[in-house]
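The UniProt record's numbering applies: residue 5 is where the sequence shown begins, and numbers increase by one.
Note that the Cβ used here is the ideal one computed from N, Cα and C, for glycine as well.
As the structure is a prediction and not an experimental result, all values here were calculated from the model.
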Amino acid sequence: KTAEAALKDVFADGFKIGAAVSSGTIRTQENLLTRHFNSLTAENEMKFENIHPSEDVYAFGESDTIVDFARRHGMAVRGHTLVWHNQTSDWLFQEADGRPVGKGVLLERLRSHIETVVGRYKDDIYAWDVVNEAVADEGDELLRPSKWLEIAGPDFIAKAFEFAHEADPTARLFYNDYNESHPHKRDKIYALVKSLLDQGVPIHGIGLQAHWNIFDPSLDDIRAAIEKYASLGLELQLTELDVSVFRFDDRRTDLLEPEPGMLERQAEVYEAVFRLLKEYRGTVSSVTFWGAADDYTWLDDFPVRGRKNWPFLFDERHLPKSAYYRVAQLAEM
Ligand code: G3I
């Protein structure tokens, strides 16, 4: 394999290589996507408020465009996401007169949503992030406060998996979360998923979002998280990988170019991460980046609006960065 090998070929024996896309980036990044990636996730287009903006209205246009693109190019699709506290339409939690709905109505609406969305893409979407980010980051509480929890109690999680399994019995069903490698949250995610398994809930995998930066988390913490989740006997996927060049608390807005050393350090991190992932091939079945190249990333608006970031293996012109070369050379090992 040459130095400019397609990423999907470099890891063909290990895991799929995915990218998050929009109906726009499948045009602006088409060549890069079809050359290096064999899996896609819709960055926003399948989220509740996008795909089901009011009770009687489903808006499938943009998500269909992405699924059609994947089908034309023989790419797998991961579905993202069915239950989340964010980007979820207000109508779902309210009666027509504005009063909050009860648990029965909410769960029936959820069932109907999942039946419609998962059912529509049965032939194309092989894996779903069924529940996204339900665990609390800090403190002793297991679950984060949300409308879901307030109205339905913790049952909404098991129900979502049951509904998804009914809608497509062959789909791989994931619990997906971030800060997944920090020990405190890792242990809570583990406890949640273990309790679902103990109740016989149909759950097949854990999605490690992997929104990392060049300083954090440590490789030891990433390894420990993979080990702990894998001990449940589940399939693992990295679902939203990016390696920000900024520390989590770095709020500077004045960098028009990366500082010296940032991209070198990023390349080292990416190499170390993919070396580790190679060790866990078989357990880790897919690695999706939350974008494809540095011309577009959600990190350009987070945590500071309009601050440029450079988190991927390909630069703003879609050319390979030193991180790409460090990762691609793992083909020979
Ligand atoms: O669609 C509107 C558009 O009409 C409007 O002109 C524009 C103006 O700001 O906003 C557009 O909506 C934005 C949307 O992305 C589409 O670009 C929202 O403001 C913005 O908040 C939204 O951000 C998304 C974010 O989820 C929302 O929480 C990011 O693109 C997306 O990358 C991000 O993805 C999440 C995963 O789903 C879950 N894990 C964390 C990850 C990063 O936050």
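Check your understanding: In the structure shown, what three-state DSSP assignment does E244 receive?
Key -> When DSSP states are grouped into helix, strand and coil, E244 belongs to the strand group.
Check your understanding: If we call anything under 8 angstroms between Cβ atoms a contact, is W235 one with N313?
Key -> The residue you asked about is not Trp; residue 235 is Ser in the sequence shown. No. Outside cutoff.
Exercise for review: Spell out a yes or no on whether the segment 126-141 and the segment 83-100 are touching, meaning 3 or more CB-CB pairs, one atom from each, closer than 8 angstroms.
Suggested key: Put simply, the segment 126-141 touches the segment 83-100. At least three CB pairs are less than 8 angstroms apart.
Exercise for review: Output the boundary residues of the alpha helix (DSSP H) element that contains N35.
Suggested key: E34 to H40 is the extent of the alpha helix (DSSP H) around N35.
Practice item. Determine the burial state of G211: buried for a count of at least 16 other Cβ atoms within 10 Å of its Cβ, exposed for fewer. Key: With a 10 Å radius around the Cβ and a threshold of 16 neighbouring Cβ atoms, G211 comes out buried.
Review point. From which residue to which residue does the alpha helix (DSSP H) around H188 run?
Key: Note, H188: alpha helix (DSSP H), P187 to D202.
Check your understanding: Between which two residues does the alpha helix (DSSP H) containing I161 stretch?
Key -> That run of the alpha helix (DSSP H) goes D159 to A171.
Point to revise | Enclosing alpha helix (DSSP H) for I70 [first to last residue] | key: Run containing I70: G65 to R76, per the alpha helix (DSSP H) assignment.
Point to revise | beta strand (DSSP E) runs contained entirely in the segment 252-333, provided each spans 3 or more residues | key: Along the segment 252-333, the beta strand (DSSP E) occurs as fully enclosed runs of 3 or more residues at 288-293, listed in sequence order.
Check your understanding: With burial defined as no fewer than 16 other Cβ atoms inside 10 Å of the residue's Cβ, what is the status of Q270: buried or exposed?
Key -> Its Cβ being crowded by 16 or more others within 10 Å, Q270 is buried.
Review point. Can you list the alpha helix (DSSP H) stretches of 4 or more residues lying completely in the segment 64-141, in chain order?
Key: The segment 64-141 is shown to contain whole alpha helix (DSSP H) runs of 4 or more residues at 65-76 and 107-124, in chain order.
Point to revise | Host alpha helix (DSSP H) of L11 (start-end) | key: That run of the alpha helix (DSSP H) goes L11 to V14.
Practice item. Check R176 in the structure and name its three-state DSSP category. Key: For R176, the three-state secondary structure derived from DSSP is strand.
Review point. Under 7 angstroms from any heavy atom of the ligand G3I, does the C-beta of E47 make it?
Key: Inclusion of E47 in the 7 angstroms shell around the ligand G3I follows from its C-beta lying nearer than that to a non-hydrogen atom of the ligand.
Review point. So what's D17 in DSSP terms, helix, strand or just coil?
Key: In the structure shown, D17 sits in coil (DSSP, three-state: anything other than H, G, I, E or B).
Point to revise | Any non-hydrogen atom of the ligand G3I closer than 7 angstroms to Y182 Cβ | key: Answer for Y182: yes, Cβ within range of the ligand G3I.
Review point. Is there at least one non-hydrogen atom of the ligand G3I closer than 7 angstroms to the beta-carbon of H56?
Key: Not so, every heavy atom of the ligand G3I lies at least 7 angstroms from the Cβ.
Check your understanding: the ligand G3I heavy atoms versus the CB of E119: any closer than 7 angstroms?
Key -> Taking 7 angstroms as the cut-off, one finds no heavy atom of the ligand G3I near enough to the beta carbon of E119.
Check your understanding: Can you tell me whether DSSP reads D220 as helix, strand or coil?
Key -> Three-state result, D220: strand.
Check your understanding: For R190, is the classification buried or exposed, using 16 other Cβ atoms within 10 angstroms of its Cβ as the cut-off for buried?
Key -> Counting Cβ neighbours within 10 Å, R190 comes out buried, since at least 16 surround it.
Practice item. Could you spell out where the beta strand (DSSP E) holding L153 opens and where it closes? Key: Premise fails: L153 lies in the alpha helix (DSSP H), K151 to A156, not in any beta strand (DSSP E).
Review point. Using the beta-carbon count (16 or more within 10 Å), is G18 buried or exposed?
Key: Looking at its Cβ environment, which holds 16 or more other Cβ atoms inside 10 Å, G18 is buried.
**Study point:** From R311, L238 and N217, residue whose alpha carbon lies closest to that of L260
**Key:** Per the Cα distances, R311.
Practice item. Let me know the secondary structure DSSP gives I207 once reduced to three states. Key: DSSP places I207 in the coil class of the three-state scheme, outside both helix and strand.
Review point. For D144, which of helix, strand or coil comes out of DSSP?
Key: Looking at D144 - three-state DSSP - the assignment turns out to be coil, as it is neither helix nor strand.
Practice item. Using only the heavy atoms of the ligand G3I, determine whether one of them is closer than 7 angstroms to the beta carbon of Q213. Key: Checking every heavy atom of the ligand G3I against the Cβ of Q213, one is found closer than 7 angstroms.
Check your understanding: Should W294 be counted as a contact of the ligand G3I given a C-beta to heavy atom distance under 7 angstroms?
Key -> For W294, the shortest separation between its Cβ and any heavy atom of the ligand G3I lies below 7 angstroms.
**Study point:** Residue from T257, R309 and L334 with nearest C-alpha to L280
**Key:** Of the candidates T257, R309 and L334, the one whose C-alpha sits nearest the C-alpha of L280 is L334.
Review point. Is A228 helix, strand or coil when you go by DSSP?
Key: A228: helix per DSSP, three-state reduction.
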